[in-house]
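This report refers to the structure that appears directly beneath it.
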Amino acid sequence: MADLKQIGEVVASQFQGLSGRHPGQWPIIPRLACGLGTLIGVVVIGWFLYIDGQLEVLDKGQKEETKLRDNYKVKLQQAINLDALRKQKEQVGEFVSTLEKQLPSKAEMDALLSDINQAGLGRGLQFELFKPGQVVVKDYYAELPIDLKISGRYHDLGSFASDIANLPRIVTLNSMSLVTGKDGVLTLEAVAKTFRYLDTEEVAAQRKATADKAKAKGAKK
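Each residue of the sequence shown is one higher than the last, beginning at 1 in my numbering.
Set out below in structure tokens:
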């Protein structure tokens, strides 16, 4: 204990009387302490001014590397399955082509409406309402709703629905409501929807409207 006390007194004595003296004339222990403090200060300042920024760059680079690796794996998998994807694309194209053939043109819509009407009359149904609505233009096709109200027997209404489903053109029955009347007569209210593809002028107009909408949205930003 005495030795430690003496060492402490020696160290303390070297820090006395330093005021006004040049650091080069300080005793060894204060000079070492000053040098160590300067070194620590330089390291701390260097950390905040340089190393910390480099760590952020390194972290960003690691994240980018991970992203590129993931993209590479996806591209590699696509390359491995390229033939299968091409075949699948051809199948999808054929399916879309088949669906497009089921969509009538504007000139064929009147004939399709007549087919729907004849499907009901052919089953002995009575039309109380057959009212085509306003055409709704979508991105690649137009939709025509038709309000229907027809009366007849249960099996005849079921056969009518089956006939509609088997038309060469796409027709769907929506919002159906069935009400029982007298003598087993049923009344069906529904909205039949038919679809047709857009002609060249309508496609151009639709593309222009979409472009104008996108331009207006971009201007607001």
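The C-beta atom is built at its ideal place from N, Cα and C for all residues, glycine as well.
Could you round the C-beta distance between residue 128 and residue 151 to whole angstroms and report it? I think they count as a contact, below 8 Å. 6 Å
Shortest alpha-carbon distance to residue 190 belongs to which of 212, 147, 209 and 63? 147
Within 10 angstroms of its Cβ, does residue 171 collect 16 or more other Cβ (buried), or is it exposed? buried
Between which two residues does the beta strand (DSSP E) containing residue 147 stretch? 141 to 152
Is it right to say residue 196 is buried, meaning 16 or more other beta carbons lie within 10 angstroms of its own, or is it exposed? buried
With distances taken between CB atoms, is the gap from residue 78 to residue 85 smaller than 9 Å? yes
When the cut-off is 9 Å and only beta carbons count, does residue 45 lie next to chain D? Looking at the structure shown, chain D is missing, and only one protein chain is on hand.
Using 9 Å as the threshold, is the C-beta distance between residue 135 and residue 206 below it? no
On the three-state DSSP scale, how would you describe residue 174? strand
In the structure shown, what three-state DSSP assignment does residue 208 receive? helix
Test item: CB-CB of residue 149 and residue 173 under 9 Å: no
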